[in-house]
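Chains D and V, in that order, give the protein sequences.
Going letter by letter, the first sequence gives residues 0 to 95 in numbering that gives the first Met the number 0.
Going letter by letter, the second sequence gives residues 0 to 486 in numbering that gives the first Met the number 0.
To keep things clear, I will list the structure first and then write my remarks on it.
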Amino acid sequence: MAEINKDLVKYIAVLARLEFDEEELDNFTEKFKRILDYVEQLKELNVDDVLPTYHININYNAMREDEVKESLEVSEVLKNAPDKKESFFRVPRVVE
Amino acid sequence: MDIKKLKLTEIKNLIEKREIKAEEVTEYYLKRAISLQEKTNAFITLNEENILEQAKNLDNLVEKGFKGKLTGVPIAIKDNICTKGIRTTCASKILSNFIPPYNATVIENLKNEGAIIFGKTNMDEFAMGSSNETSYFGPVKNPWDMERIPGGSSGGSAVAISAILAPASLGSDTGGSIRQPASLCGVVGMKPTYGRVSRYGLIAFGSSLDQIGPFARSIDDCALILEAISGYDPKDSTSIKIDTPEYLKNLNKDIKGLKIGVPKEYFIEGVEEDIVKSIEKSIEIYKKLGAEIQEISLPHTKYGIAVYYLIATAEASSNLARYDGVKYGVRAENVKDLKQMYIKTKKEGFGEEVKRRIMLGTFSLASGYYDAYYKKASKVRTLIKNDFMNAFEKVDVILCPTSPTTAFKIGEKSNDPIQMYLSDIFTINVNLAGIPAISVPCGFDKKGLPIGMQIIGNYFDEQKVLNTSFAYEDAVGGFKFSPYQED
Chain D
0 MAEINKDLVK YIAVLARLEF DEEELDNFTE KFKRILDYVE QLKELNVDDV LPTYHININY
60 NAMREDEVKE SLEVSEVLKN APDKKESFFR VPRVVE
Chain V
0 MDIKKLKLTE IKNLIEKREI KAEEVTEYYL KRAISLQEKT NAFITLNEEN ILEQAKNLDN
60 LVEKGFKGKL TGVPIAIKDN ICTKGIRTTC ASKILSNFIP PYNATVIENL KNEGAIIFGK
120 TNMDEFAMGS SNETSYFGPV KNPWDMERIP GGSSGGSAVA ISAILAPASL GSDTGGSIRQ
180 PASLCGVVGM KPTYGRVSRY GLIAFGSSLD QIGPFARSID DCALILEAIS GYDPKDSTSI
240 KIDTPEYLKN LNKDIKGLKI GVPKEYFIEG VEEDIVKSIE KSIEIYKKLG AEIQEISLPH
300 TKYGIAVYYL IATAEASSNL ARYDGVKYGV RAENVKDLKQ MYIKTKKEGF GEEVKRRIML
360 GTFSLASGYY DAYYKKASKV RTLIKNDFMN AFEKVDVILC PTSPTTAFKI GEKSNDPIQM
420 YLSDIFTINV NLAGIPAISV PCGFDKKGLP IGMQIIGNYF DEQKVLNTSF AYEDAVGGFK
480 FSPYQED
């Protein structure tokens, strides 16, 4: 299975939009390795013919009529925004 | 009148008979909660003004004849359940300024039944932890020994009961986060069947595992709260259309002929001796009450932790992607572009355990690793679920310890994730299967720390689980749920 080293941890961090200092990275790689060593025990089991369970009650689809219902006011929704302008969330410039 | 000694049903009846006011009850608990806050750190937010205003409004309604299941009862709420206008932090820096513009469905349900939404309780950050040490707002202390952890992640909600800071509380349980702290604090805590209680407004951790449930000092109190919060909710697509039984009215201590399964895999090395003894004692009590005890086998028990930490983290990594500093929460400052804003916001906003789980989950879902980790774990999840289904063909309920240890010392396991994860070995599989379970106080170890036993039921068999617990509670003459009970 996967070889855990600093490069892999850095790669996963990019995917997760996280960032670690060098020192954190060492500590993290070590603990990450221990956890993955532990989950290696699943290798003992042959589950080729077993169906996965992603959800407990998968046997129905929750459908509803497409009706217009009352929702929150824009001002309410924007109340928690770190930065906003008019009726928009504002973020740092994306396009130059 | 000694307010501290009143159970939920007693508080409600006295208020409805106008022998006591909701305001008096609420003031009493507020005073207690505030005076013990420094010692326990059980609350993150305790909005006195708002709480007293709710009580006054309720008293006015009672004057006009209002009656509910929980009239005037203050209920403390874990801080990952959204409360309109009241800060909801998930014990994280990243949400430390978040004020929800809406109520979770369980909050609406409680309010409709006349409950007072009391303070917001401390917890592990994003409910990730088994000791309440990962909270941005500091650890919670166990009232039975202030140097020890109360369990987690719903540590504050458990302490609210065992330090008598509120008559009842709500928590959430993804891998044991209600039952394990209930066990370590000597109180009652229940995780309902997945889909029984709406998750709308519960800040998501592991969406296929999370479920809200009550903490209480007795089984009838627990039954009543469960009744109040249960029910189908169109706002939660995983909530199930099934009637809510009258759990309190249907409580029945006659368990003659009830088949109780005891899984041999739950009495392994590493389980403290006093805990095993205590469970054995409970088994003897059940025998005397006329139950049939059977040894059963849940052969895939030991894989639960590995499966859980791949699945729950995968779901968490997806759920927590939303904390990017755009719509709510704390945004990192001095960033040069959008991408850096995302990264810095997460780097500064999340604590170590949360980052570790996001990383593990991202890994288990990543291209090239998905089949060997996430998918494999999901297949083993099927085997774990089937173990329970096979067992419930032979027995009505399953009895086992809730936790392999009693409360450990603050700091004892915080540097070893695997040791910490193993605290949940007996509770985690119940979430993977989605079935209901309760933790019931069943004695103390030599150090005087509480021990809990877990009673697990089949899908939607909450009543059977409650009745089994009720019979035990009656046989032992009630629980010692707090060191302050007789003060």
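Glycine is no exception: its CB is placed at the ideal position from the N, C-alpha and C atoms.
Asked	Found
Cβ-Cβ separation, V:Ser197 to V:Thr104 (assumed contact under 8 Å), whole Å	4 Å
Chain-order list of residues whose beta-carbon lies under 8 Å from that of V:Asn102 (same chain, five-residue window excluded)	Cys81, Thr82, Lys83, Lys110, Gly200
Integer-rounded CB distance, given that V:Val139 should sit under 8 Å from V:Thr39	6 Å
Beta-carbon neighbours of V:Pro403, restricted to chain D and to distances below 9 Å	Within chain D, no residue comes near V:Pro403; the closest Cβ sits about 16 Å away, beyond 9 Å.
8 Å Cβ cutoff, D:Phe87 in contact with chain V	no
Cβ-Cβ separation, V:Met340 to D:Pro51 (assumed contact under 8 Å), whole Å	Not really, about 36 Å apart at Cβ, beyond 8 Å.
Three-way DSSP call (helix, strand, coil) for V:Gly436 in this model	According to the sequence as given, residue 436 of chain V is Ala; it is not Gly. Note: V:Ala436 maps to strand in three-state DSSP.
Three-state class that DSSP yields for V:Gly360 in the structure shown	helix
Pairwise C-alpha distance: V:Glu62 and V:Gly174	43 Å
Alpha-carbon to alpha-carbon, V:Lys20 and V:Leu431	43 Å
Exposed unless 16 or more other CB atoms sit within 10 angstroms - verdict on V:Gly205	buried
Candidates V:Lys346, V:Asn108, V:Ile10, V:Gly150, of which the one nearest V:Ser229 by Cα	V:Asn108
Close beta carbons around V:Ala203, own chain, < 7 Å, minus the five adjacent residues each side	Asp209, Asn318
Beta carbon of V:Asp123 nearer than 8 Å to that of V:Leu448	no
Test: D:Lys30 CB closer than 8 Å to a CB of chain V	yes
Chain-ordered neighbours of D:Asn79 on chain V, where CB pairs are closer than 9 Å	Asn96, Phe97, Ile98, Pro99, Pro100, Lys326, Tyr327, Gly328
Residue from V:Tyr368, V:Tyr28, V:Glu268 whose Cα sits closest to the Cα of V:Ala167	V:Tyr28
Contact list for the segment 426-458 of chain V against chain D, Cβ threshold 7 Å	Gly433
Proximity of V:Tyr491 and V:Thr192 at Cβ, strictly below 8 Å	Because chain V in this structure spans residues 0 to 486, residue 491 of chain V falls outside the shown range and cannot be described.
Whether V:Pro440 touches V:Gly456 by CB criterion (8 Å)	no
Reference V:Pro403; option with closest CA among V:Ser468, V:Ile292, V:Tyr265, V:Ala162	V:Tyr265
Pairwise C-alpha distance: V:Asn12 and V:Lys6	10 Å
Beta-carbon gap between V:Gly497 and V:Ser129 smaller than 8 Å	No answer is possible for residue 497 of chain V: it lies beyond the span of chain V, which begins at 0 and ends at 486.
Contact between the segment 79-88 of chain D and the segment 312-327 of chain V (3+ Cβ pairs under 8 Å)	yes
Residue(s) in a DSSP beta bridge with V:Pro449	V:Phe443
Span separating the alpha-carbon of V:Lys4 from that of V:Ile10	10 Å
Secondary structure of V:Ala390, DSSP reduced to three states	helix
Alpha-carbon to alpha-carbon, D:Val67 and V:Met419	47 Å
V:Asp273 - DSSP class collapsed to helix/strand/coil	helix
Close Cβ partners of V:Thr133 (< 7 Å) along its chain, the five nearest in sequence each way excluded	Asp123, Glu124, Met127, Gly350, Glu352
Residue-level contact to chain V via CB, D:Asn4, 8 Å cutoff	no
contact_flag[the segment 292-299 of chain V, the segment 249-264 of chain V] where n(CB pairs < 8 Å) is 3 or more	yes
Where V:Arg147 falls, given that 16 or more other Cβ within 10 Å makes a residue buried	buried
Contact set between the segment 365-381 of chain V and chain D, restricted to residues whose Cβ is under 8 Å from the partner	Ala365, Tyr368, Ala371, Tyr372, Lys374, Lys375, Ala376, Ser377, Lys378, Val379, Arg380, Thr381
Nearest to V:Lys301 (by Cα), restricted to the options V:Thr87, V:Ala474, V:Val429, V:Gly154	V:Val429
Alpha carbon of V:Asn46 to alpha carbon of V:Pro99, nearest angstrom	15 Å
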